[in-house]
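See below for the structure under consideration.
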Amino acid sequence: MGTLRSAAAWGGALWALLLATRGCSAGQPLGGEPMCTAQPPAKYSITFTGKWSQASFPKQYPMFRPPAQWSSLLGAAHSPDYSLWKKGQYVSNGLRDFAERGEAWALMREMQAAGEKLQSVHGVFSGPAVPSGTGQTSAEFEAHSRHSLVSFVVRIVPSPDWFVGVNSLDLCDGGRWREQVAVDLHPYDAGTDSGFTFSSPKFATVPQDTVTEITASSPSHPANSFYYPRLKSLPPIATVTLARLPHSPRAFPPAPGLGRGGNEVADSLPAPETPLDCEVSLWSSWGLCAGPCGQPGAKSRTRYVRARPANHGAPCPALEEEAPCVPDNCV
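Using this note's numbering, read the sequence shown as starting at 25 and increasing by one per residue.
Dropping the structure here:
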């Protein structure tokens with residue numbers, strides 16, 4: 025009997041310990057991260073501002089066919105078990121179509137399917153395209169305590185497969201919603217096209233690569249449109265601001281900068297001027313030696329300008345060079 029009582033007491037203590045442990049972790053998701061408890065659901069405005077100007081990014085800046093511009097903005101409010109895109113991971117087929125060609129339907133279907141089947145996407149939102157490198161677009165969406173993360177993408181036009189965006193930005197801080205969040209945006213490569221320049225012809229990356237950030241020195245190739253070896257980091261090519269809206273839909277303020285002029289806006293701050301050094305080609309081969317027979321002659325070689333300097337960058341070096349020689353095949 026004593027043994028049975030001891031076993032019963034031990035079992036009761038173990039059960040109490042399990043209940044206590046469960047109670048302590050009830051406010052934690054499986055990953056151990058704090059769970060959002062903010063109530064009620066919050067409505068946000070998202071305002072994307074392009075800062076892609078010729079002063080900030082003078083190298084190969086697209087002027088025609090097409091000029092520098094931004095695609096429509098596509099995003100979703102979601103839970104931690106969903107990812108629209110992530111650095112170091114492969115993009116989905118829908119995001120590949122969007123990053124390469126700006127086709128949005130497949131990506132929107134993927135986001136909607138995640139909401140219907142997995143209940144991980146609370147809502148999908150979109151904003152109009154921006155027809156210039158500097159301008160704004162905006163949208164509104166609702167965040168829920170179980171779907172407090174927001175992700176979005178905007179394609180860089182023209183480009184092989186480059187985009188900007190935010191991945192899983194949490195709008196909840198424990199038991200309250202964040203009132204405003206601002207983020208600087210930098211270019212990313214989707215890893216599906218191997219072009220180096222804005223206007224590169226389409227050339228699929230086989231096998232597909234993962235998402236990588238484009239920096240002033242990576243890819244480390246002079247042909248890269250974002251290659252600025254004098255810079256430690258690229259200036260922001262865009263920014264995004266998320267602001268919590270009042271509860272009453274009648275009190276929604278207009279997005280900053282959006283008024284009668286549409287989404288063509290002038291930036292209130294002057295764009296940073298990025299210095300661009302002159303870029304020249306490799307030397308050509310030496311030409312024939314010119315001069316009378318039996319006397320010293322001269323030969324020359326040339327190179328051409330690939331990119332003219334801008335914003336006080338280094339000037340172009342000499343484009344022609346001569347060297348002494350002795351004429352051959354004289355009669």
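Note that CB positions come from ideal geometry on N, CA and C, so glycine has one too.
E297, DSSP secondary structure in three states: In the displayed model, E297 falls within coil according to three-state DSSP, outside both helix and strand.
Rounded C-alpha distance that separates A262 from A228: Approximately 27 Å, taken between the alpha carbons.
DSSP three-state assignment for A79, whether helix, strand or coil: A79: coil per DSSP, three-state reduction.
In DSSP terms, what K67 is bridged to: Paired residues: E166.
Secondary structure of E127, DSSP reduced to three states: Coil, per DSSP.
Cβ-Cβ distance between V264 and V304 below 8 Å: With respect to V304, V264 sits apart: the two C-beta atoms are not nearer than 8 Å.
Closest by C-alpha distance to A163, when choosing among G147, E345, G337: For the options G147, E345, G337, the alpha carbon positioned closest to that of A163 is the one of G147.
R202 versus F176, E344, P64, residue with shortest Cα-Cα distance: Comparing Cα positions, the closest option is P64.
Three-way DSSP call (helix, strand, coil) for E345 in this model: Residue state, collapsed to three classes: strand.
Counterpart residues of T229 in DSSP-defined beta bridges: Answer is none; T229 lacks a bridge partner.
Closest Cα partner of P299 within the set F81, T73, P184: When only C-alpha atoms are compared, the closest one is F81.
E12 vs A79 beta-carbon contact at 8 Å: For residue 12 there is no data in the structure shown, the boundaries of the chain being 25 and 355.
For D197, three-class secondary structure by DSSP: DSSP places D197 in the strand class (E or B) of the three-state scheme.
Close Cβ partners of S77 (< 7 Å) along its chain, the five nearest in sequence each way excluded: The residues are G157, T158, A295.
8 Å Cβ shell around L142 - same chain, five flanking residues per side excluded: Cβ within range, chain order: D105, Y106.
Status (buried if at least 16 other CB within 10 Å, exposed otherwise) for V177: V177 is classed as buried because its beta carbon has at least 16 other beta carbons within 10 Å across all chains shown.
A267: first and last residue of the uninterrupted beta strand (DSSP E) it sits in: Its beta strand (DSSP E) spans residues 262-268.
Outcome for E124 when other beta-carbon atoms lying within 10 angstroms are tallied against a minimum of 16: With 16 or more other Cβ atoms within 10 Å, it is buried.
T216, buried or exposed, once every other Cβ within 10 Å from all chains shown has been counted against 16: By the neighbour-count rule (16 or more Cβ atoms within 10 Å), T216 is buried.
Three-state class that DSSP yields for L258 in the structure shown: Annotated three-state conformation of L258 is coil, per DSSP.
Identity of the residue in V145, T73, P320 nearest V188 by Cα: Restricting attention to V145, T73, P320, the CA atom closest to the CA of V188 is found in T73.
Any 3 or more C-beta pairs closer than 8 Å across the stretch 165-174 and the stretch 241-251: Touching, no.
Beta-carbon proximity check, L97 vs S183, cutoff 8 Å: With contacts defined by Cβ atoms closer than 8 Å, L97 and S183 do not form a contacting pair.
DSSP bridge partner residues for L209 (one or two, in chain order): Partner(s): A262.
First through last residue of the beta strand (DSSP E) which encompasses R330: Where R330 is concerned, the enclosing beta strand (DSSP E) stretches over 329-331.
Alpha-carbon spacing of L209 relative to Q136, whole angstroms: If you take the alpha carbons of L209 and Q136, they lie about 25 Å apart.
P202 in three-state terms, based on DSSP: Sequence check: residue 202 is Arg here, not Pro. It is coil, neither helix nor strand.
Reduced DSSP category for P339 - H, G, I as helix; E, B as strand; rest coil: Here P339 sits in coil by DSSP.
Euclidean distance between Cα positions of G47 and T61: Only weak support exists for where G47 lies, its pLDDT of 37 falling under 50; the coordinates are left without a value.
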